[in-house]
Amino acid sequence: MMKYIYIFLLLFFGIGRLHAQPEMDQKRLAEFQKLTQQRVNDLQLYISLIADKSLSIEQREQAVELAVSLFEKDYMVNGKRRTPYVQVSRRNGTISSVPVRIYFKNLMNVKFDKVEITYYDAAVVSEFEKGTDGNYHATATYYQQFKGMDKKGNLLYGSRDRKDIRVTAQSAAVYAQAGKEDLKIFFGDITVRDTVPIPGF
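Given below as structure tokens:
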């Protein structure tokens with residue numbers, strides 16, 4: 253009987269160690285900070301491609317899928333399943349929250365004849381800090397300029413938005429047998445920090 257108890261405890265604590273979130277040193281966290289910066293750059297590129305009406309539908313839909321792949325899956329909040337959202341500043345001055353996939357799909361179908369999305373400053377990523385959930389968290393801030401124009405190139409609506417992305421780094425036992433751990437980075441909600449309208453005609 254004691255033999256079986258010993259085996260059970262050995263398996264239990266062994267599995268616990270395998271799935272425990274490792275303590276990451278500052279050098280490793282700095283590497284993930286740089287990786288997050290690259291992921292933000294990728295997201296900015298995908299958003300620009302999705303909005304570019306000169307590209308084919310197939311190219312823009314591929315950019316949608318690539319953009320969505322950067323975000324975490326649905327998760328539970330107060331017993332309800334929800335998906336990460338993107339806040340959008342509207343022409344009437346309001347801000348609304350849209351699930352990520354719907355946001356990218358809507359971006360493909362905006363009613364302006366031409367849409368131009370650029371980035372007027374370099375994105376910034378905060379240091380990763382370990383949260384109470386055992387994961388590491390950071391915030392990435394980027395600066396997006398949106399212009400919606402008519403066929404003649406006249407500006408109908410424009411804004412400059414400063415947006416924050418919630419970033420989570422989750423542990424993945426990639427080389428568990430070698431005693432090494434790695435992190436997977438996922439984007440969460442994107443919120444508008446502030447928005448400045450660009451006057452049209």
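With my numbering applied, the sequence shown closes on residue 453, and no number is skipped along the way.
Backbone N, C-alpha and C fix where the C-beta goes; we use that ideal spot for every residue, glycine too.
Leu-281 beta carbon less than 8 Å from that of Tyr-388: Less than 8 Å separates the beta-carbon of Tyr-388 from that of Leu-281.
For Thr-288, which of helix, strand or coil comes out of DSSP? Reduced to three states, the DSSP call for Thr-288 is helix.
Burial state of Pro-336, where buried means 16 or more other Cβ atoms lie within 10 Å: Buried: at least 16 other Cβ atoms inside 10 Å.
Please report how far the alpha carbon of Ile-302 lies from the alpha carbon of Gln-314, in whole angstroms. Each residue's Cα considered, the two are about 9 Å apart.
Extent of the continuous alpha helix (DSSP H) run through Phe-356: That run of the alpha helix (DSSP H) goes 352 to 360.
Who are the Cβ neighbours of Lys-403 in its own chain at under 6 Å, not counting the five residues just before and after it? So the qualifying residues of the chain are Asp-365.
Let me confirm a value: Ser-341 is counted as buried when at least 16 other C-beta atoms fall within 10 Å, else exposed. Which label applies? Ser-341 is buried by the Cβ-count criterion.
So, for Arg-418: in the same chain, excluding its five sequence neighbours on each side, which residues have a beta-carbon less than 6 Å away from its beta-carbon? Closer than 6 Å at the Cβ level, and outside the excluded window around Arg-418, lie Gly-440, Asp-441.
Which residues bound the alpha helix (DSSP H) around Arg-312? If you look at Arg-312, you'll find it in the alpha helix (DSSP H) that goes 309 to 320.
Quick check: what's the CA-CA separation for Gly-345 versus Lys-399? Looking at the two C-alpha atoms, the distance is approximately 15 Å.
Exposed or buried, which one is Thr-420 when buried takes at least 16 other CB atoms within 10 Å? With 16 or more Cβ atoms within 10 Å of its Cβ, Thr-420 is classed as buried.
Just to confirm, is the Cβ distance from Ile-437 to Gln-397 under 8 Å? No.
Which residue or residues does DSSP assign as beta-bridge partners of Pro-449? Per DSSP, Ser-411.
Considering Asp-373, what are the terminal residues of the beta strand (DSSP E) in which it resides? First-last of the beta strand (DSSP E) with Asp-373: 366 to 377.
Report the residue from Tyr-409, Ala-390, Asp-413 whose alpha carbon sits nearest the alpha carbon of Gln-285. The shortest Cα separation from Gln-285 among Tyr-409, Ala-390, Asp-413 belongs to Ala-390.
Just reading off the beta strand (DSSP E) that Arg-333 is part of, what are its end residues? 332 to 334 is the span of the beta strand (DSSP E), which, as asked, contains Arg-333.
Which class does Glu-283 belong to by DSSP, given the choice of helix, strand or coil? When secondary structure is reduced to three states using DSSP, Glu-283 falls in the helix class.
Over the uninterrupted beta strand (DSSP E) stretch that includes Ser-341, give me the two end residues. Run containing Ser-341: 337 to 341, per the beta strand (DSSP E) assignment.
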